[in-house]
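Numbering (the numbering used here), first residue to last: 924 to 1110.
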């Protein structure tokens, strides 16, 4: 509706302008910003000669700026001492988090060893629940996928991976992985 109103107002403006030009054929449009003669209604006040900003191309303004800068109080800033040799900044590693990451990685490696010994495909979530591992299912699946992607090129062709996923919403193509199946080729 707004688009229609815009078009209608433009059409009305052009129609009225055309009617005005038909009624006043002697009318000549001019550039209003370049007009030298301003109507008397606007010339009531006396002119002001104040400058709103300093212009550095005028010498008077440059001198005024220099005087203003010299009049500013100077702050005494003592720079901190610079060490002779600064070492690299290494963020502290939380030992508990690092230990949990290593344990998760080892559990996933055990899962791959188990999958290599099986004759058929193995579900990652089934392995997680059967072995009573204390990992969140999302973290477990993410680590299983990550380990598959980081397998050495010589070992990767031995395994295959399938993700059981479903579409989260019909609006977008977001997919949620519900399980990861790992199998060994050639068995």
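Glycine is no exception: its CB is placed at the ideal position from the N, C-alpha and C atoms.
Residue 1030 lies in the alpha helix (DSSP H); which residues open and close that run?
By 1-based counting over the chain shown, the position of residue 1030 is 107. Taken as a continuous stretch (DSSP letters only), the alpha helix (DSSP H) holding residue 1030 covers 1018 to 1040.
What are the start and end residues of each continuous alpha helix (DSSP H) run of 4 or more residues lying completely inside the stretch 930 to 995, in chain order?
Counting only runs of 4 or more, we get 982 to 994.
Taking 8 Å as the threshold, find out whether the stretch 1027 to 1034 comes into contact with the stretch 1051 to 1071 through three or more Cβ pairs.
These segments touch.
How far does the alpha helix (DSSP H) with residue 1067 in it reach, from first residue to last?
As a first step, residue 1067 is located in the chain shown; it is residue number 144 there, counting from the start. 1060 to 1072 is the extent of the alpha helix (DSSP H) around residue 1067.
Relative to the C-alpha of residue 1084, which candidate in 1050, 944 and 1102 has its C-alpha closest?
Stepping through the chain shown from its first residue, residue 1084 is reached at position 161. Out of 1050, 944 and 1102, 1102 has the C-alpha closest to the C-alpha of residue 1084.
Report the partner residues of residue 1078 according to the DSSP bridge assignment.
Position 155 of the chain shown, counting from 1, holds the residue named residue 1078. Paired residues: none, contrary to the question.
Assuming residue 1082 and residue 1105 make a contact with CB atoms under 8 Å, what is their CB distance in whole Å?
Reading the chain shown from its first residue, position 159 is the one you call residue 1082. Reading the chain shown from its first residue, position 182 is the one you call residue 1105. At roughly 6 Å, the Cβ-Cβ gap stays under 8 Å, so residue 1082 and residue 1105 are in contact.
How long is the line joining the alpha carbons of residue 964 and residue 942, rounded to whole angstroms?
Against the chain shown, residue 964 aligns to sequence position 41. Against the chain shown, residue 942 aligns to sequence position 19. Going by the C-alpha atoms only, they are around 28 Å apart.
How many angstroms separate the CA atom of residue 1019 from the CA atom of residue 1088?
Mapped onto the chain shown, residue 1019 falls at position 96. Mapped onto the chain shown, residue 1088 falls at position 165. Roughly 32 Å separates the two Cα atoms.
Does residue 1097 pass the burial test, meaning 16 or more other C-beta atoms within 10 Å, or should it be called exposed?
On the chain shown, residue 1097 is found 174 positions in, with the first residue counted as 1. Counting Cβ neighbours within 10 Å, residue 1097 comes out exposed, since fewer than 16 surround it.
With 16 as the cutoff for other CB atoms within 10 Å, does residue 1051 come out buried or exposed?
Position 128 of the chain shown holds residue 1051. By the 10 Å Cβ count, residue 1051 comes out buried.
Hey, how far is the Cα of residue 931 from the Cα of residue 949?
The count along the chain shown starts at 1 and reaches residue 931 at position 8. The count along the chain shown starts at 1 and reaches residue 949 at position 26. Straight-line Cα distance between these residues: approximately 28 Å.
Does DSSP put residue 928 in a helix, in a strand, or in coil?
Here residue 928 corresponds to residue number 5 of the chain shown, with the count starting at 1. Helix.
If contacts are defined as beta-carbon pairs under 8 Å, then residue 1067 and residue 1031 qualify, I think. What distance do you get, rounded to the angstrom?
Taking the first residue of the chain shown as 1, we reach residue 1067 at position 144. Taking the first residue of the chain shown as 1, we reach residue 1031 at position 108. Indeed they touch by this definition, with Cβ atoms about 6 Å apart.
Nearest chain D C-beta to residue 969 closer than 8 Å, yes or no?
Chain labels in this structure do not include chain D; a single protein chain is all it has.
Let me check one thing: in DSSP terms, what residues is residue 1001 bridge-paired to?
The count along the chain shown starts at 1 and reaches residue 1001 at position 78. Answer is none; residue 1001 lacks a bridge partner.
If you follow the beta strand (DSSP E) that residue 1098 is part of, which residue opens it and which one closes it?
For the purposes of this step, residue 1098 is taken as residue 175 along the chain shown, with counting starting at 1. Segment 1098 to 1107, the beta strand (DSSP E) holding residue 1098.
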